[in-house]
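Chemist: I'd like to ask some things about the structure below.
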Amino acid sequence: MTAVPPDRPARRVTAHLVTTGPSGPTVLGARVLFGQDPADVVRDLGGLSPHTPLKAVDVLTELLEAPDGTPLHVDRVVFAEAGTATARPPAAQGGLTPSAADLLAEEEFPEDSRPRLRRFASYGIVTDPAGRVLLSRIAEGFPAAGTWHLPGGGVDAGEDARTALRREVAEETGQDGEVGALITAASHHRVPPSGYEIYAVWAFFRVYVANPGPARVMEENGSTSDCGWFGPEEVAGLTLSTTARRGLAYMVGPDGDA
C-alpha cells in the first residue's frame, strides 16, 4: 500500500443503519466499496428488502488514525427506515464501526482494469425567503458543460460535508447560506466507453440564504461560469445536470424523504 502523506489522509466511506433493539437504538455499519450504493449497503446490513424506503439521517465526518499511524478521513452516511423518529444516530461506545483499523486496507482491483475516479461531494438545495432556488452553470471544459447545477462540490480531505458545502456556495454564487438538514444521499456510477470509471457519493442538504444578494461567481478559472436565482417555474425550463435533477426531485416532499 502506498504511504499517505500526513496532510492527505486516506479517504473512506461507510454506511450505517439506526435500528431499535432490545436495549434501545443501535447503529450498524459497513464500508462502502467502489461502485456500491450506500442505501443498498444499509439494506443488506439490516436484512431489509431491496425496496425498503429509507430516510437519510446525517453525514458524519471522522478524522481517525489507524494503528500504524495512517490518517483516515471517513464520511459516514447514516440512514434509518422511513417513518421512524430518529433525528441523529446515538453515540456508540468507542465510536461507530467499522473502526480505523478495519478501514485501513485499500481495495484491490484487477491489474488490467481501467483507472478509477472516486469522489464524495456535498450539494445544496439552496432557497431564499421568496422561495427562489439558487443554481450554478457548469463551465466549458467540464463534464455536463452548459447545464445548470446545484451549488456544491467535492469535500476536501479533513473537511466535513457541511463546511464544504457552505464554502462551495460562497465560491460559486457569492451567497452566505445556512446549511440545514440532510435531504438524501445517493451514488453515481458511470463507466464511459473510454477513460476513467467514475464513482461518487452525493450528499444533498437544504441550504437557506436569509439575506440573498445578486448571485455572482467568486472563484476564478473554476468549474462555474454563471449563477442565478430562479423561481420554480423558471427552473422547469432549464437544462439541468444529472446531479441537479436528482437533488431537486426531493423538493416535492415536505421532509425531503426518499
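Mapping of the sequence shown onto UniProt numbering: residues 1 to 258, in sequence order.
A virtual CB, placed ideally from N, CA and C, is assigned to each residue, including glycine.
In this text the structure is predicted, and so the values were computed from the model without any measurement.
1) Whole-angstrom Cβ separation of residue 74 and residue 117, contact assumed at under 8 Å?
2) Report the residue from 151, 64, 24 and 18 whose alpha carbon sits nearest the alpha carbon of residue 47.
3) For residue 205, which beta-bridge partners are listed by DSSP?
4) Helix, strand or coil: which one does DSSP assign to residue 162?
5) List the whole-angstrom C-beta distance separating residue 243 from residue 161, where the pair is believed to meet the contact cut-off of C-beta under 8 Å.
6) Please check the pair residue 136 and residue 205, which I expect to be a contact at CB under 8 Å, by giving their CB distance rounded to whole angstroms.
7) Using the rule of at least 16 other Cβ atoms within 10 Å of the residue's Cβ for burial, across every protein chain shown, is residue 223 buried or exposed?
8) Residue 218: which of 209, 175 and 246 sits nearest, CA to CA?
9) Using 8 Å for Cβ pairs, my map puts residue 231 next to residue 215. What's the rounded Cβ distance?
10) May I ask which residues mark the beginning and end of the alpha helix (DSSP H) holding residue 245?
11) Please name the residue, chosen from 190, 144, 210 and 149, that lies closest to residue 129 on a Cα-to-Cα basis.
12) Once the 5 residues before and after residue 65 are set aside, which same chain residues still bring their CB inside 8 Å of it?
13) Could you name the residues of the same chain whose beta carbon sits closer than 6 Å to that of residue 42, not counting the 5 residues immediately before and after it, in chain order?
14) Let's test the definition: count the other Cβ atoms within 10 Å of the Cβ of residue 189 and tell me whether it reaches 16, buried, or not, exposed.
15) Between 145, 184, 198 and 178, which has its C-alpha nearest residue 225's C-alpha?
16) Alpha carbon to alpha carbon, how far is residue 208 from residue 27? Give it in angstroms, no decimals.
17) Going by C-alpha to C-alpha distance, which of 184, 108, 138 and 97 sits closest to residue 241?
18) Assign residue 120 to one of two classes, buried (16 or more other C-beta atoms within 10 Å of its C-beta) or exposed (fewer than that).
19) Our contact map puts residue 196 next to residue 115 with C-beta atoms below 8 Å; I'd like the distance itself, whole angstroms only.
Modeler: According to the structure data:
1) Looking up residue 74 in the sequence shown gives position 74. Looking up residue 117 in the sequence shown gives position 117. Between residue 117 and residue 74 the Cβ distance is about 19 Å, and since that is not below 8 Å, they are no contact.
2) The residue you call residue 47 lines up with position 47 of the sequence shown. Of the candidates 151, 64, 24 and 18, the one whose C-alpha sits nearest the C-alpha of residue 47 is 18.
3) Along the sequence shown, one-based indexing puts residue 205 at 205. Answer is 124 and 182.
4) In the sequence shown, residue 162 corresponds to position 162, counting from 1. Helix.
5) Walking along the sequence shown from the start, residue 243 turns up at place 243. Walking along the sequence shown from the start, residue 161 turns up at place 161. The Cβ separation is near 15 Å, so there is no contact.
6) Counted from its first residue, the sequence shown places residue 136 at position 136. Counted from its first residue, the sequence shown places residue 205 at position 205. The Cβ separation is near 15 Å, so there is no contact.
7) Indexing the sequence shown from 1 puts residue 223 at position 223. The residue is buried, with at least 16 neighbouring Cβ atoms inside 10 Å.
8) Taking the first residue of the sequence shown as position 1, residue 218 is located at position 218. Taking only the C-alpha atoms, the option nearest residue 218 is 175.
9) Against the sequence shown, residue 231 aligns to sequence position 231. Against the sequence shown, residue 215 aligns to sequence position 215. Incorrect: roughly 14 Å between the Cβ atoms, too far for contact.
10) The residue you call residue 245 lines up with position 245 of the sequence shown. Here the alpha helix (DSSP H) through residue 245 covers 242-248.
11) Numbered from its first residue, the sequence shown carries residue 129 at position 129. The candidate whose alpha carbon is nearest that of residue 129 is 210.
12) As a working note, residue 65 is residue 65 in the sequence shown. The residues are 71, 72 and 100.
13) Mapped onto the sequence shown, residue 42 falls at position 42. Taken in chain order, the residues that qualify are 15, 17 and 79.
14) The count along the sequence shown starts at 1 and reaches residue 189 at position 189. Answer is exposed; the Cβ neighbour count stays below 16.
15) Stepping through the sequence shown from its first residue, residue 225 is reached at position 225. For the residues 145, 184, 198 and 178, the minimum Cα distance to residue 225 belongs to 145.
16) As a working mapping, residue 27 is identified with position 27 in the sequence shown. As a working mapping, residue 208 is identified with position 208 in the sequence shown. The straight-line gap from Cα to Cα measures roughly 30 Å.
17) Here residue 241 corresponds to residue number 241 of the sequence shown, with the count starting at 1. Of the listed residues, the one whose Cα sits closest to residue 241 is 138.
18) Here residue 120 corresponds to residue number 120 of the sequence shown, with the count starting at 1. The residue is buried, with at least 16 neighbouring Cβ atoms inside 10 Å.
19) By 1-based counting over the sequence shown, the position of residue 196 is 196. By 1-based counting over the sequence shown, the position of residue 115 is 115. Yes, they are in contact, since the Cβ atoms of residue 196 and residue 115 sit about 5 Å apart, within 8 Å.
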